[in-house]
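A quick write-up on the structure given underneath.
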Amino acid sequence: PTEDRFKKIPMDRYDEVWKKISGKKGGFFDKDTEDTYKRRGRDMISKITKNPGPIAKKAVKIKESLPYYWLSEEENIILCGKVDWLEYFSDTDSIHIIDFKTGSSQEENGSLQLPIYLLLVTNTQKRTVSKASYWFLSRHAEPKEQKLPNEQDAYEQVLEVARKIKTIRQLMKYSCPKHGCRACKPMERIMKGEGEYISVDEYNTDVYVLPLGTKKDEDQSVVL
15 PTEDRFKKIP MDRYDEVWKK ISGKKGGFFD KDTEDTYKRR GRDMISKITK NPGPIAKKAV
75 KIKESLPYYW LSEEENIILC GKVDWLEYFS DTDSIHIIDF KTGSSQEENG SLQLPIYLLL
135 VTNTQKRTVS KASYWFLSRH AEPKEQKLPN EQDAYEQVLE VARKIKTIRQ LMKYSCPKHG
195 CRACKPMERI MKGEGEYISV DEYNTDVYVL PLGTKKDEDQ SVVL
């Protein structure tokens with residue numbers, strides 16, 4: 015409930031959650047690196063605490079821990095994923111999708127993030143999506159509105175990629191069209207034995223950690 019949202023101090027919550035990903039569980043190989051990232055996270059939490067904006071307003075929570083729906087039942091394709099925040103507009107009975115950005119990278123043109131979010135939210139709860147925003151927590155005091163994709167266009171874009179993924183998984187033929195990209199390189203390093211196995215996560219997925227690469231790689235995201 016909105017009135018209970020800040021009963022527990024956000025910074026205290028942050029410190030509690032951080033314990034779960036401290037050390038190698040969060041990809042940290044030394045205390046100095048971990049402290050640096052933790053400070054950056056605390057700075058972001060501090061900004062939200064001082065200016066909560068939509069976080070202090072009404073929100074919608076989807077009941078499933080991992081929302082999903084049949085993107086194509088005929089082709090046995092399910093779309094699933096989590097959305098950071100859904101602000102509720104009572105005057106229009108609609109939803110505002112908010113995605114928190116902890117790194118410095120802008121979304122690339124052609125990114126499927128908003129199309130996927132639009133489809134997920136539209137098909138896993140009853141209200142219309144009327145707005146979408148990115149909130150770059152390290153730079154901006156409030157969310158920045160993004161253009162909502164057309165729902166039919168979003169469906170066609172996501173389904174096209176989903177079909178390709180399904181075919182690749184069926185054929186077991188994994189070939190990066192860019193001959194090595196940001197998505198493939200960590201997996202390639204793990205296959206080469208550079209990764210250290212940590213555990214199995216809540217979705218029964220193997221978790222590995224990799225030593226940091228270049229400074230550019232380090233700045234791409236923040237562990238939160």
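Add 14 to the 1-based position in the sequence shown for the numbering used here, that's all there is to it. A virtual CB, placed ideally from N, CA and C, is assigned to each residue, including glycine.
Exercise. When DSSP builds the beta bridges, which residues end up paired with SER86?
Worked result: ILE91
Problem set entry | Cross-strand partners of ALA168 (DSSP beta bridge) | DSSP output for ALA168 lists no bridge partner at all.
Exercise. CB LEU173 to CB LEU80, shorter than 8 Å?
Worked result: For LEU173 and LEU80, no; Cβs fall outside 8 Å.
Problem set entry | Contact set for GLY37: own chain, Cβ-Cβ below 8 Å, skip 5 residues either direction | GLU48
Exercise. Between LYS75 and the rest of its own chain, which residues show a CB-CB distance below 8 Å, the 5 nearest in sequence each way excluded?
Worked result: LEU100
Exercise. Taking buried to mean at least 16 other C-beta atoms within 10 Å of its own C-beta, is HIS110 buried or exposed?
Worked result: buried
Problem set entry | Residue burial classification, LEU128 (beta-carbon count within 10 angstroms, cutoff 16) | LEU128 comes out buried.
Problem set entry | Nearest-angstrom Cα separation, counted from LEU93 out to LEU133 | 9 Å
Exercise. Do the CB positions of MET58 and THR116 come within less than 8 Å of each other?
Worked result: Using a Cβ distance threshold of 8 Å, MET58 and THR116 count as a contacting pair.
Exercise. So PHE103 and SER144 are in contact, right, with Cβ under 8 Å, and what is the actual spacing, rounded?
Worked result: 6 Å between Cβ atoms; contact.
Exercise. What span of residues does the beta strand (DSSP E) with ASP113 cover, start to end?
Worked result: 108-115
Problem set entry | Other residues of its chain near ASP231: CB distance less than 6 Å, five sequence neighbours each side excluded | Confidence in ASP231 is poor, its pLDDT being 48 and thus under 50, which makes the residue's placement too unreliable to answer from.
Problem set entry | ASP220, enclosing beta strand (DSSP E) - first and last residue | Annotation: the continuous beta strand (DSSP E) that includes ASP220 extends over 220-223.
Exercise. Fully enclosed by the region 110-159, which alpha helix (DSSP H) runs are 4 residues long or longer?
Worked result: 127-138
For this session: Using the Cα positions of GLU165 and THR181, report the straight-line distance between them to the nearest angstrom.
Result: 24 Å
For this session: Using DSSP bridges, identify the partner residues of TYR102.
Result: Beta-bridge pairing links TYR102 to ILE109.
Exercise. What do you reckon, are the CB atoms on LYS39 and ILE204 nearer than 8 Å?
Worked result: no
Exercise. Relative to the C-alpha of SER108, which residue among VAL175, LYS72, GLU78, ASN90 is closest?
Worked result: LYS72
Exercise. Going by the beta-carbon positions, is the gap between PRO157 and PRO68 smaller than 8 Å?
Worked result: yes
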